[in-house]
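J.: First the structure, then my questions, so here it is.
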Amino acid sequence: MSKKSNNIVYPLAFPKGTKYLCELCQKPANKICERCRVTYYCDTEHQQTDWFGIHEKICQSLIPLRVPLPFLPSEEERKKRDEDLKNKKLQLIEYTRSIAQRYLFEGDYQRAIPGAMTSLKLVIEMFGLKSVDLVPSYLILGEASQGLGNLSQAQEYLSQAEWTVIKSPDCPLPILSKLYRNIAMLQIAKGDFDQALRNLANDVYYASEEFGTENYQVSGGYFLIANIFFKQGKMDVADSLYRQVVTMWHAHLRQVVNKKTEISELDTILGKKDEDDRDTETLDKFKVQELASEAEAKKVLYSIYEIRRNETTPDNQELTKIEHCLSMVHFLAKEYDKVQNYTDLLESKKDLDEILRSELQRVIYFIRMK
């Protein structure tokens, strides 16, 4: 962040009745982002935290949402503008949450907070303080607080999420699933494993109802259950659940990668260019969700991989499946050097399945054609 974006403002110079509050803590502001000039901070630390957490990515996107709107004489024009602003806000909510969620999976809890705070404020602005749409942001903030060691703050955010869900009888199942999962995570941190298992059972139930019993989006609950049994020394149960988690991710990643390479081969034949540029700033809903999913997959699969590698008698077939998962995750993340490393490792195995070998070669061909 350059010095130019660190401008000082003087509250006494604001128009009468006008208050500008810090983006992160809501205290009176004395600094402004020079780039967008619609975002304020109480000090340099909060400005830098917000900048590196989310603001750098959305700075210009905030301008049309926060500047005074000009008068439009036509009702049709006003409706069109209002609808356009609504869609931009919804898009920004999804984007900021996904970025925050990715930071959580990467263990970067401090950087997760600004994105969650931005999404929370946008939801309040659009839907009010009682909307169930607040819950995902509360859960991210709670998990970030827990990761930073502030369990009381985490409990406060979870309580707000629970209260909101109680007041929303038609709460979507994915939100219920995530709520129970986050409650369980806090209980695990406190050592209350029995209660955590009960809440994780609810998590798995609601996720299965929404996505199906074999969907990778159910695997997060199973992974946490497996971790509890692993800590308790119940290795047979933990082993079975870890296998289930890997199988879910393997099926999902295999489907995504095969589809991507097949489409790319067709595009090459037709002379089309690959436009999936991860370096281009975008608010595309599906791309940012992919980033969060990749971060989750890395966290879960590397954790299980370490457990498997340190077993007295490692299961080579299971190791192969996990290594294939990791090669696919790195492929989707465009970390091609790591893809090559895992491909070399897998292809060195004499008992490698021929179908899998063919898929690996197709991925390497795709990379070389880039």
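Heads up: the sequence shown begins at 1 in UniProt numbering, then just goes up one per residue.
The beta-carbon is built from N, C-alpha and C at its ideal position, and this holds for glycine as well.
1) Assign R66 to buried or exposed, taking buried as 16 or more other Cβ atoms, counted over all protein chains shown, within 10 Å of its Cβ.
2) Looking at V329: is its Cβ nearer than 8 Å to the Cβ of L301?
3) Can you give, in chain order, each stretch of the beta strand (DSSP E) that sits fully within the UniProt domain "MYND-type" (22–59) and has at least 3 residues?
4) How many Å lie between K31 and S61 at the Cα?
5) Assuming D344 is part of the alpha helix (DSSP H), what are its boundary residues?
6) Where do the ends of the alpha helix (DSSP H) carrying L69 lie?
7) Determine the closest residue to E94 out of P28, I228, V123, with distance taken between C-alpha atoms.
8) Express the C-alpha separation of E209 and H324 in angstroms, rounding to a whole number.
9) Take E318 and list the residues in its own chain whose beta-carbon comes closer than 8 Å to its own, dropping the five residues that flank it on each side.
10) Straight-line CA distance for E306 to K57?
11) Please go through the same chain and pick out, in chain order, the residues whose beta-carbon is closer than 8 Å to the beta-carbon of V237, but skip the five residues on each side of it.
12) What is the rounded straight-line gap between the Cα of R278 and the Cα of L139?
13) According to DSSP, N182 sits in a beta bridge with which residue or residues?
14) Suppose you measure from the CA of R362 to the CA of Q146; what does that come to, to the nearest Å?
15) Am I right that T120 and G142 are in contact with their C-beta atoms under 8 Å? What's the rounded C-beta distance?
16) Who are the near neighbours of L200 in its chain, counting only those whose CB is closer than 6 Å to its CB and skipping five residues on each side?
17) Following the continuous alpha helix (DSSP H) through Y109, name the residue where it begins and the one where it ends.
18) Mapping DSSP to helix, strand and coil, what is N227?
19) Determine whether the beta carbon atoms of M248 and N215 lie at a separation below 8 Å.
20) From the DSSP output, in three-state form, read off N316 for me.
21) Whole angstroms is fine: what's the gap from S219's alpha carbon to E23's?
22) Measure the C-alpha to C-alpha separation of S348 and S240 and round it to an integer number of angstroms.
23) Who does N7 pair with in a DSSP beta bridge?
24) If you check the beta carbons only, do I175 and V135 fall under 8 Å apart?
25) By the three-class DSSP mapping on this structure, what secondary structure does T96 have?
26) Just the C-alpha distance for D344 and S327, rounded to the nearest angstrom, thanks.
27) In this structure, how does DSSP classify E210 when only helix, strand and coil are distinguished?
28) In chain order, what residues of the same chain lie with their CB nearer than 6 Å to the CB of E296, ignoring the 5 residues before and after it?
29) Rounded to the nearest angstrom, what separates S98 and Y365 at their Cα positions?
30) Taking C-alpha atoms, which residue in E83, K231, E294 lies nearest to V257?
31) Using CA coordinates, which residue listed in I367, A333, S303, E290 is at the minimum distance from Q101?
32) Quick one: residues in its chain with C-beta nearer than 7 Å to the C-beta of P314, no 5 flanking neighbours on either side, listed in chain order?
33) So L186 and V165 are supposed to be a Cβ contact under 8 Å. How far apart are they, rounded?
34) Helix, strand or coil: how does DSSP classify D84 here?
T.: Per the coordinate set shown:
1) With fewer than 16 Cβ atoms within 10 Å of its Cβ, R66 is classed as exposed.
2) Yes; because the gap between Cβ atoms is below 8 Å, this pair is in contact.
3) With a minimum length of 3 residues, no continuous beta strand (DSSP E) run stays inside the UniProt domain "MYND-type" (22–59).
4) Here the C-alpha atom of K31 lies approximately 19 Å from the C-alpha atom of S61.
5) Residue range 336–347 is occupied by the alpha helix (DSSP H) that includes D344.
6) Annotation: L69 is outside any alpha helix (DSSP H) and is labelled neither H nor E by DSSP.
7) When only C-alpha atoms are compared, the closest one is V123.
8) Here the alpha carbons of E209 and H324 stand approximately 28 Å from one another.
9) Hits under 8 Å: R243, V246, R308.
10) So the two alpha carbons sit approximately 34 Å from each other.
11) Counting only Cβ-Cβ distances below 8 Å, and skipping sequence neighbours, we find A226, F229.
12) Low confidence applies here, because R278 scores a pLDDT of 45, under 50, leaving its location unreliable and the question unanswered by this model.
13) N182 pairs with nothing; no bridge assigned.
14) If I take the Cα positions, the gap works out to 42 Å.
15) Per the sequence shown, residue 120 should be read as Leu rather than Thr. Not a contact, Cβ separation roughly 12 Å.
16) Cβ neighbours of L200 beyond the five flanking positions: A184, G221, L224, I225.
17) The continuous alpha helix (DSSP H) containing Y109 extends over residues 109–127.
18) If DSSP states are grouped into helix, strand and coil, N227 belongs with the helices.
19) At the C-beta level, M248 and N215 come within 8 Å of one another.
20) DSSP, reduced to helix, strand and coil, places N316 within a helical segment of the structure shown.
21) One alpha carbon belongs to S219, the other to E23, and they sit about 35 Å apart.
22) Whole-angstrom Cα-Cα distance: 27 Å.
23) N7 pairs with I32.
24) When the beta-carbon positions are compared, I175 and V135 come within less than 8 Å of each other.
25) Looking at T96 - three-state DSSP - the assignment turns out to be helix.
26) For D344 and S327, the gap between their C-alpha atoms comes out near 10 Å.
27) Judged by DSSP in its simplified three-state form, E210 adopts helix.
28) Around E296, the same chain offers F105 as residues with beta carbons nearer than 6 Å, after the five sequence neighbours per side are excluded.
29) For S98 and Y365, the distance between alpha carbons rounds to 31 Å.
30) Minimum Cα-Cα distance from V257 among the listed residues E83, K231, E294 corresponds to E294.
31) Nearest option by C-alpha distance: E290.
32) Listed in chain order, the non-local C-beta contacts of P314 below 7 Å within the same chain comprise R308, local neighbours out to five positions each way being set aside.
33) At roughly 16 Å, the Cβ-Cβ gap does not stay under 8 Å, so L186 and V165 are not in contact.
34) DSSP places D84 within a helical segment (H, G or I) once states are collapsed to three.
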